[in-house]
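Novice:
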Amino acid sequence: MNEEQFATSKDGFKHLPVLYREVLEYLTFDGPCRIIDGTLGSGGHSSLILKANPQAELLGIDRDGDALERAKENLKFAGKRVNLVRGNFSELANSANEIGWDSVDAILLDVGVSSPQIDDSKRGFALRLDGPLDMRMDKRSQITASRILNYRAETELARIFYEYGEERRSRRLARAIVERREEKPFERTLEFAGFCESVLGKSRPGKLPTPTKCFQALRIAVNDELDELKRALSEAVPLLKKGGRVAVISFHSLEDRIVKEFFREQAAECICPPGMPVCICDHPAQVKILTRRPVKAQADEIEFNRRAASAKLRVAEKI
Ligand SMILES: C[S@@+](CC[C@H](N)C(=O)[O-])C[C@H]1O[C@@H](n2cnc3c(N)ncnc32)[C@H](O)[C@@H]1O
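Oh and the sequence shown: position 27 is 29 in the numbering used here, straight run, nothing missing.
1) Terminal residues of the continuous beta strand (DSSP E) containing S205?
2) Which residues share a DSSP beta bridge with R190?
3) Under a three-way DSSP split, which group does V239 fall into?
4) Can you check DSSP and say which residues form a bridge with S252?
5) For L292, which residues of its own chain have a beta-carbon under 8 angstroms away from its beta-carbon, when the five flanking residues on both sides are left out?
6) May I ask you to report which of helix, strand or coil DSSP gives E59?
7) Around the Cβ of M278, are there at least 16 other Cβ atoms within 10 angstroms (buried) or fewer (exposed)?
8) Taking Cβ positions, are N55 and D39 nearer each other than 9 angstroms?
9) Given a threshold of 16 other Cβ atoms within 10 Å of its Cβ, counted over all protein chains shown, does D64 qualify as buried or as exposed?
10) Which one or two residues does DSSP pair with N85 in a beta bridge?
11) In terms of residues, what are the limits of the beta strand (DSSP E) holding I120?
12) Looking only at its own chain, which residues have a Cβ that is under 6 angstroms from the Cβ of C35, when we skip the five neighbours before and after it?
13) Identify which residue in D121, H254, E158 has its Cα closest to the Cα of G114.
14) Could you tell me if S105 is buried or exposed, where buried requires 16 or more neighbouring beta carbons within 10 angstroms of its beta carbon?
15) What are the boundary residues of the beta strand (DSSP E) that I321 is part of?
16) Are the beta-carbon atoms belonging to A287 and I251 less than 9 angstroms from one another?
17) State yes or no: is the beta carbon of I291 nearer than 9 angstroms to at least one beta carbon in chain B?
18) So E257 and L231 are in contact, right, with Cβ under 8 angstroms, and what is the actual spacing, rounded?
19) Using 8 angstroms as the Cβ pair cut-off and three pairs as the minimum, do the stretch 115-128 and the stretch 169-189 touch?
20) Measuring alpha carbon to alpha carbon, tell me which residue in W103, P296, L70, L110 is nearest H47.
21) Whose CA, out of A310, I222, R177, lies closest to the CA of L202?
This is the structure:
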């Protein structure tokens, strides 16, 4: 597989689906099957899945209207096998029911932002490209990064940077934001990146730039990313057929922890608190975990797609 074989759309954006070999290995079924791609993006993974099995049908979901347009183009070859929905993957069961699907063979979530979103300065995701502090995956949403910075209470800002950015000096940063916004509201990405460095200091050589985690925190808050993931996982398992699989690719430890803990709980025969003399939870295991450790990209993939370096794939199968 080379780069040219990946989905390329007319507007010139190219998206390389991460862990493409591994996703295909886990999500290729024989014969007719129904697959939900909850993070359709440009349709990179979906296109490979549909090509690998000409009898596979797809429900592709994305909340980003631009992504859906690209995917529509890239998946034209599959004709009526493709159903597209603009919406949140936390409502995937509802989207499936709307097209008459009450169970599916596989659900894929490749969470986080896509390359086209990061590379477009107007979307405001990148800390090195000047643009508005936006960061909405769904442009219909009212919540932007600048609204959060300019209007949220100091304690709430501290919570966002601590919980979603794992920033130890979150209270100092929140205090400084509140002081500064009284003089001038935050509007631009580069301006906020510079502000983070002025408050928290520059990172040491070889470490991630200081604003990276601040941007991550804001993005998670703008898009409610962690709650979306938790809700999607709990919708996914009941929707799977026996032997059906849910596969999740995550890019940072906060997401990976949610997936790991969810799978572990769903695979457990008993979820009673430790120390209970007898089991009272009556919790039958729902899944078996197929990836004891998260699957990571191979060196040759990382070589042509740096973003694959932090990707982790976990897969569970309904029992
Ligand atoms: C990493 S990209 C997926 C790329 C895709 N796998 C491909 O191969 O082209 C993540 C996509 O998921 C979408 N997304 C993220 N969170 C979402 C959510 N909660 N509901 C629906 N779409 C979401 C983003 O808009 C983005 O287009």
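Even for Gly, the Cβ is constructed at its ideal location relative to N, Cα and C.
Specialist: For this structure:
1) Here S205 belongs to no beta strand (DSSP E), and DSSP marks it neither H nor E.
2) In the DSSP output, where bridge partners are listed per residue, R190 has P134.
3) Residue state, collapsed to three classes: helix.
4) Under DSSP, S252 takes part in a beta bridge, and its partners are K314.
5) Take L292, set aside five residues on each side of it, and the residues of its chain with a beta-carbon closer than 8 angstroms to its own are Y28, R247, V317, A318, E319, in chain order.
6) Here E59 sits in strand by DSSP.
7) With a 10 Å radius around the Cβ and a threshold of 16 neighbouring Cβ atoms, M278 comes out exposed.
8) In this structure, the beta-carbon distance from N55 to D39 does not fall below 9 angstroms.
9) Counting the other CB atoms within 10 Å of its CB gives D64 a total of 16 or more, which places it among the buried residues.
10) Within the DSSP bridge table, the entry for N85 names L61 as partners.
11) Looking at the DSSP string, I120 is not in any beta strand (DSSP E); the run it does join, the alpha helix (DSSP H), is 117-121.
12) Answer for C35: A58, D107, listed in chain order.
13) The candidate whose alpha carbon is nearest that of G114 is H254.
14) Result: exposed.
15) Segment: none, I321 is in no beta strand (DSSP E) and carries neither H nor E.
16) Against a cut-off of 9 angstroms, the Cβ pair of I251 and A287 comes out as no contact.
17) Although the question refers to chain B, the structure presented lacks it and comprises just one protein chain.
18) So it is a contact: roughly 6 angstroms between Cβ atoms.
19) Segments in contact, no.
20) For the options W103, P296, L70, L110, the alpha carbon positioned closest to that of H47 is the one of L110.
21) Distance check between L202 and each of A310, I222, R177 places R177 closest, using alpha-carbon atoms only.
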